[in-house]
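Visitor: Numbering (full-length UniProt numbering), first residue to last: 1 to 460.
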Amino acid sequence: MQELISRLAFPIMFITINCYLGVAATDAFSSPAAALGAINQNFDRLNGAHLKFAVAHVPPSNVLTKGPDGNYTHTGISALFIDWLAEKLNFTFAYLFIPNNTLGAKYENMSEFAIIFSLLNNKEVDGSAVPAIATPKRKQLYDFAYFMFSDPHAIVVWLCILLAMVVMVCLLTVLSTIYSRFMPSTKFFKTNEPKRSIWQTAGCYAIYVINIITNQGGSVPGSRFSFRVLMGAWLLAAMVLVNSYSGTVVSYLTAPKMMPSINTLEDLAASQDVGVIVLDNAVFAQDAMEATSGTLKILADQVRHHPDRLLNNIPKGITLLETGHYALPFLQTFCNDFVAKHFKKEGNCRFKTTDPITSSAFFSLLLPKNSKLTSEFYLAQIKAWEMGLPPYWMKISIQQAPKCFNKKRSEAAKKKPIGMDDLFGAFLILSVGLGLATIAIFMENFISCFQRKALAVRNG
1 MQELISRLAF PIMFITINCY LGVAATDAFS SPAAALGAIN QNFDRLNGAH
51 LKFAVAHVPP SNVLTKGPDG NYTHTGISAL FIDWLAEKLN FTFAYLFIPN
101 NTLGAKYENM SEFAIIFSLL NNKEVDGSAV PAIATPKRKQ LYDFAYFMFS
151 DPHAIVVWLC ILLAMVVMVC LLTVLSTIYS RFMPSTKFFK TNEPKRSIWQ
201 TAGCYAIYVI NIITNQGGSV PGSRFSFRVL MGAWLLAAMV LVNSYSGTVV
251 SYLTAPKMMP SINTLEDLAA SQDVGVIVLD NAVFAQDAME ATSGTLKILA
301 DQVRHHPDRL LNNIPKGITL LETGHYALPF LQTFCNDFVA KHFKKEGNCR
351 FKTTDPITSS AFFSLLLPKN SKLTSEFYLA QIKAWEMGLP PYWMKISIQQ
401 APKCFNKKRS EAAKKKPIGM DDLFGAFLIL SVGLGLATIA IFMENFISCF
451 QRKALAVRNG
């Protein structure tokens, strides 16, 4: 019966939590269903309003091309997105291109990103066509229209979930107690184990409920495992360690040792041939300049010693990157597009991208603080992502060069002789294997001796 109660715990809890969430979700953003329902209501609500968006050259999202008449044309991922928003939300728009002569006098010596932020602060534009990454500081000054559900995060919702867990623990404990005290025991369920108190039963069910909530599943693990399982695990580990040791030694002795290419910020900081350049007011530049220790501080010191490496706009960065002596920590879409364009232009993979240097940071549509457009753009972005439009726009806007993005090591890398430091890992694996084998032998002897003594005591 207790096993049946435990099996029914998850569906009962699921129904209970959903009931509480249904009561707690009082606004349009509290649940996905409510938000999706609001999308159809909010569409076409702008009623032909005319909006102004600030835009700068940040390929492939925003590509500005200057024509013979001195006017700019805007293409790229963001251009497709703004066109789609204008059609769905029924508004017209115009772009405020950066740079231009009017803004040059007012915002002199400011980076393009800083100009966009100033325009938003001064309410001179209704939004930015350049996607931005939300940070705690930025969220205090601006509105961000996300493309994903960020709710429910209300305290009431979390309290309801916690209350549902408490209710489930109490319900399971009461049912188990009633069954154990009032139901007659049969010969199949008779046991010599002492009965657990109600608090012990509640504790076991509390751990079981937490396991379900954290997606671990199963009941409380047993206190002992079969010795055969332990021996089998040891044999498997020993086999893996032995093969790892022999494979490591063979690879070190037969494969040529290559100089590693730059793939992390640590590699970039240690490089003598490649320097770092950063964009002013970008998230990475802000984090590096505020760093007081570590790799970011080393890179920031490079920029402080060479102020010309703190750039005001993307075109300057592209010019420096083309020299082959600099690296720019920036958006992955920009880096991939830069590598692919030069591959198409020159026919070889002159540049490469590293692995992601930080966790994923998703783009948001940047708006002035307390803008009336935030909710409309928020819901419209969700609809666009549900339809799969942004990934499609990204695919058709970014150049393709699969040859430049494979992980195969370049044959042109410099070779260096093998040293004892290279074999340290192999000998470490060997020592671990020998240590585990020694421990296992002592355990086997100890258990065998203990069993012989116990058998001798029983036999008198």
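From the three backbone atoms N, C-alpha and C, an ideal C-beta is built for every residue, glycine too.
#1: Count the other CB atoms within 10 Å of the CB of Cys-160; is the residue buried (16 or more) or exposed (fewer)?
#2: Shortest alpha-carbon distance to residue 474 belongs to which of Leu-172, Ala-340 and Thr-354?
#3: Is the distance from the Cβ of Leu-366 to the Cβ of Phe-377 below 8 Å?
#4: Quick one: does the C-beta of Tyr-95 sit closer than 7 Å to a heavy atom of the ligand HEM?
#5: Quick check: what's the CA-CA separation for Ile-210 versus Tyr-179?
#6: Since I believe Asp-126 is in contact with Leu-373 (beta carbons under 8 Å), could you give me their beta-carbon distance rounded to a whole number of angstroms?
#7: Where does Glu-112 land, buried or exposed, given buried means 16+ other C-beta within 10 angstroms?
#8: Taking only the alpha-carbon atoms, compute the straight-line gap between Ala-49 and Ser-375 and give it to the nearest angstrom.
#9: If we ignore side chains and look at the alpha-carbon of each, how far apart do Pro-131 and Pro-391 end up?
#10: Just to confirm the assignment, what range does the beta strand (DSSP E) spanning Ile-133 have?
#11: Considering Asp-69, what are the terminal residues of the alpha helix (DSSP H) in which it resides?
#12: Could you give the first and the last residue of the continuous alpha helix (DSSP H) run that contains Ala-378?
#13: Could you spell out where the beta strand (DSSP E) holding Ala-145 opens and where it closes?
#14: Restricting to runs no shorter than 3 residues, where is the beta strand (DSSP E) found entirely within the segment 271 to 324?
#15: By the DSSP assignment, the alpha helix (DSSP H) with Ala-202 in it spans what residues?
#16: Is it right to say Arg-452 is buried, meaning 16 or more other beta carbons lie within 10 angstroms of its own, or is it exposed?
#17: From the DSSP output, in three-state form, read off Leu-120 for me.
#18: Could you tell me if Asn-62 is buried or exposed, where buried requires 16 or more neighbouring beta carbons within 10 angstroms of its beta carbon?
#19: Given that a residue counts as buried once 16 or more other Cβ atoms are within 10 Å of its Cβ, and exposed if not, what is Phe-424?
#20: If you draw a straight line from the C-alpha of Asn-47 to the C-alpha of Leu-89, how long is it?
#21: Which one or two residues does DSSP pair with His-50 in a beta bridge?
#22: For Leu-311, which residues of its own chain have a beta-carbon under 8 Å away from its beta-carbon, when the five flanking residues on both sides are left out?
#23: Find out if the Cβ-Cβ distance for the pair Lys-369, Leu-141 is shorter than 8 Å.
#24: Apart from the five residues just before and just after Leu-51, which ones in its own chain have a Cβ nearer than 6 Å to its Cβ?
#25: Mind checking which residues open and close the alpha helix (DSSP H) that includes Ala-164?
#26: Roughly how many angstroms lie between the CA atoms of Ala-454 and Phe-446, to the nearest whole one?
#27: Express the C-alpha separation of Phe-81 and Asp-267 in angstroms, rounding to a whole number.
#28: Which same chain residues, not among the five before or five after Phe-117, have their C-beta less than 8 Å away from its C-beta?
#29: First and last residue of the alpha helix (DSSP H) that includes Ser-397?
#30: Is it buried or exposed for Pro-59, if we count other Cβ within 10 angstroms and need 16 for buried?
#31: Let's see if you can read the secondary structure: which residues bound the alpha helix (DSSP H) around Ala-340?
#32: Can Thr-353 and Met-394 be called in contact, C-beta distance under 8 Å?
#33: Taking just the CA atoms, how far does Ser-261 sit from Ala-134?
#34: Using DSSP bridges, identify the partner residues of Tyr-107.
#35: With a 10 Å radius around its C-beta and 16 neighbouring C-beta atoms as the bar for buried, classify Pro-329 as buried or exposed.
Guide: Here's the rundown:
#1: buried
#2: This structure gives no information on residue 474, because the portion of the chain shown stretches from 1 to 460.
#3: No, the Cβ-Cβ distance between Leu-366 and Phe-377 is not below 8 Å.
#4: Ligands in the displayed structure: none, and consequently the ligand HEM is not present.
#5: 23 Å
#6: 6 Å
#7: buried
#8: 16 Å
#9: 15 Å
#10: 127 to 133
#11: Unbroken run through Asp-69: none, as it is neither H nor E.
#12: The sequence given here places Tyr at residue 378; Ala does not occur at that position. Element bounds for Tyr-378: 374 to 386.
#13: 142 to 145
#14: none
#15: 198 to 213
#16: exposed
#17: Reduced to three states, the DSSP call for Leu-120 is helix.
#18: buried
#19: exposed
#20: 8 Å
#21: Thr-92
#22: Ser-111, Ile-277, Val-278, Leu-279, Asp-280, Gly-317 and Leu-320
#23: yes
#24: Phe-91, Phe-93 and Asp-126
#25: 155 to 182
#26: Using only the alpha carbons, I get a separation of about 12 Å.
#27: 37 Å
#28: Leu-141, Tyr-142 and Asn-281
#29: 389 to 397
#30: buried
#31: 332 to 346
#32: no
#33: 31 Å
#34: Note: Tyr-107 sits in no beta bridge, so no partner.
#35: buried
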